[in-house]
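Sequence positions in the sequence shown follow full-length UniProt numbering and run 1 to 332.
We put the beta carbon where it would ideally sit given N, CA and C, even for glycine.
Here's the structure, in structure tokens; my notes come after.
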Amino acid sequence: MSSKVRWGILSTAAIARETLIPAIQRSQNAEVVAIASESGKAHEVARPLRIAKAYDRYEALLHDPDIDAVYIPLPNSLHAEWTIQAAEHKKHVLCEKPAALCEKDVSNMVAACEKNQVILMEAFMYQFHPQHQRVKDILASDEIGEIKTIRLGFSFDLQERKNNIRMNAQLGGGSLFDIGCYCVHSIRYLLNAEPVELAVHSSYDNQHSVDVATSGWMKMDNGVHALFDCSFEAVWRNEYEIIGTKGKLTVPRAYRPDLHGGKGLIVVQTASVEVREEIVAGDQYVLEVEHISECILTGKQPSYSHQAMLQQARVLEACRISAETGQKVPLA
1 MSSKVRWGIL
11 STAAIARETL
21 IPAIQRSQNA
31 EVVAIASESG
41 KAHEVARPLR
51 IAKAYDRYEA
61 LLHDPDIDAV
71 YIPLPNSLHA
81 EWTIQAAEHK
91 KHVLCEKPAA
101 LCEKDVSNMV
111 AACEKNQVIL
121 MEAFMYQFHP
131 QHQRVKDILA
141 SDEIGEIKTI
151 RLGFSFDLQE
161 RKNNIRMNAQ
171 LGGGSLFDIG
181 CYCVHSIRYL
191 LNAEPVELAV
201 HSSYDNQHSV
211 DVATSGWMKM
221 DNGVHALFDC
231 SFEAVWRNEY
241 EIIGTKGKLT
251 VPRAYRPDLH
261 GGKGLIVVQT
271 ASVEVREEIV
281 AGDQYVLEVE
291 HISECILTGK
301 QPSYSHQAML
311 QQARVLEACR
321 ISAETGQKVP
331 LA
């Protein structure tokens, strides 16, 4: 393998065109060599993005021997199928979140990648932004004391709903899988803890049968209570707040600091210090690409493990079940 990982992109989705492809092109150890679309858009998208090869079928891209790894930003319901196919073609995989819609599918994805000795990572890009490691350092310092509660929110007002995959139940749409998964992931990531029980409520769009707003509560195995909400029908926000016995910290640009030039913001308030603000900069998409590419080049495993992916799928599936049944779901 060369000094750069050669990436192929399965889909011309906006997330690929606008964020991931430019991030690969900005990275030091990766390059985009091909893109595929089964809607006839591959050649049209490839030209302005300076991508050499364009395929009209995903499988044709997977057959290309000049591709080392693929990025999969397809609709959620297709992640498992195409991750497994990519693994069988000996391609490493960066799969957009959520990895799949149930734990069983993620287990099959992991098994296929392990069998074919290729790397698989779920694309929770936000965790690579250094502001979150700084948050963890502050929590470890005891500056805000013992953690009691974490509150998280991710929302935006989804205006264009016609033909939007977010509103398609068959494709795995809905606010929980689209943006609520970030809240679920960061609860576990920031607290280094797992829920022992949870209760979730969703509001549904009658026309499309998907949740347009979801809120939830989790009791974590370290005693912390976690509250989250996500919505397609509220003002833009992507934030979390961690409350302790001595103070609290707030991260108002939790998941999309790239919309602020990569500048994350941490606001700390304690009894002894009224308010302290810290700006932490980083390019989370480039850091994500460079991390998985370095793993591919060196044979290391990603920091975000298969076990963590499986647990994320298990908790997310429990959230869905709780919302559908109206019951608490035990996880211990």
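- Apart from the 5 residues on each side of it in sequence, Asp142 has no Cβ closer than 7 Å to any other Cβ in its chain.
- A distance below 6 Å between beta-carbons, with the five flanking residues on each side excluded, links Gly180 to the following residues of its chain, in chain order: Thr214 and Cys230.
- In the structure shown, the three-state DSSP call for Thr270 is strand.
- Listed in chain order, the non-local C-beta contacts of Asp221 below 8 Å within the same chain comprise Ala193, Glu194, Pro195, Val196 and Ala332, local neighbours out to five positions each way being set aside.
- When rounded, the separation of the alpha-carbon atoms in Trp217 and Val200 is 6 Å.
- Collapsing the DSSP output to three states places Val280 in a strand.
- Lys148 and Val135 have their C-alpha atoms roughly 15 Å apart.
- Counting only runs of 4+ residues, no alpha helix (DSSP H) is found wholly inside the region 288–319.
- Annotation: the continuous alpha helix (DSSP H) that includes Asn108 extends over Glu103 to Lys115.
- Of all C-beta pairs linking the region 231–238 to the region 152–160, three or more are shorter than 8 Å, placing the two stretches in contact.
- Under the Cβ criterion (8 Å, minimum of three pairs), the region 122–133 counts as touching the region 89–96.
- Taken through DSSP and simplified to helix, strand or coil, Ile9 comes out as strand.
- For Leu190, no beta strand (DSSP E) encloses it; the enclosing alpha helix (DSSP H) starts and ends at Cys181 to Leu191.
- Put simply, the region 104–119 does not touch the region 166–179. Fewer than three CB pairs are less than 8 Å apart.
- Our two residues, Ala318 and Ala226, have alpha carbons roughly 15 Å apart in a direct line.
- Only residues of its own chain outside the window of five on either side were considered, and among them Ala80, Thr83, Ile84, Ala99, Ala100 and Leu120 have a CB closer than 7 Å to the CB of Met109, listed in chain order.
- DSSP, reduced to helix, strand and coil, places Pro195 within a strand of the structure shown.
- In this structure Met309 is in contact with Val106, their Cβ atoms being roughly 6 Å apart against a cut-off of 8 Å.
- Spanning the alpha carbons of Lys219 and Asp205 requires a straight line of approximately 28 Å.
- Unbroken beta strand (DSSP E) stretches of 3 residues or longer found wholly inside the UniProt domain "GFO/IDH/MocA-like oxidoreductase" (132–249): 147–157, 195–204, 211–220, 225–231 and 233–244, given in chain order.
- Cβ neighbours of Val275 within its own chain (closer than 7 Å, five residues either side excluded): Val267 and Gln269.
- In this structure, Gly145 places its C-beta atom within 8 Å of the C-beta atom of Gly244.
- Boundaries of the beta strand (DSSP E) harbouring Val93: His92 to Glu96, taken from the DSSP string.
- Per DSSP, the unbroken beta strand (DSSP E) holding Glu31 starts and ends at Ala30 to Ala36.
- In the three-state reduction of the DSSP assignment, Val251 falls in the strand class, which pools E and B.
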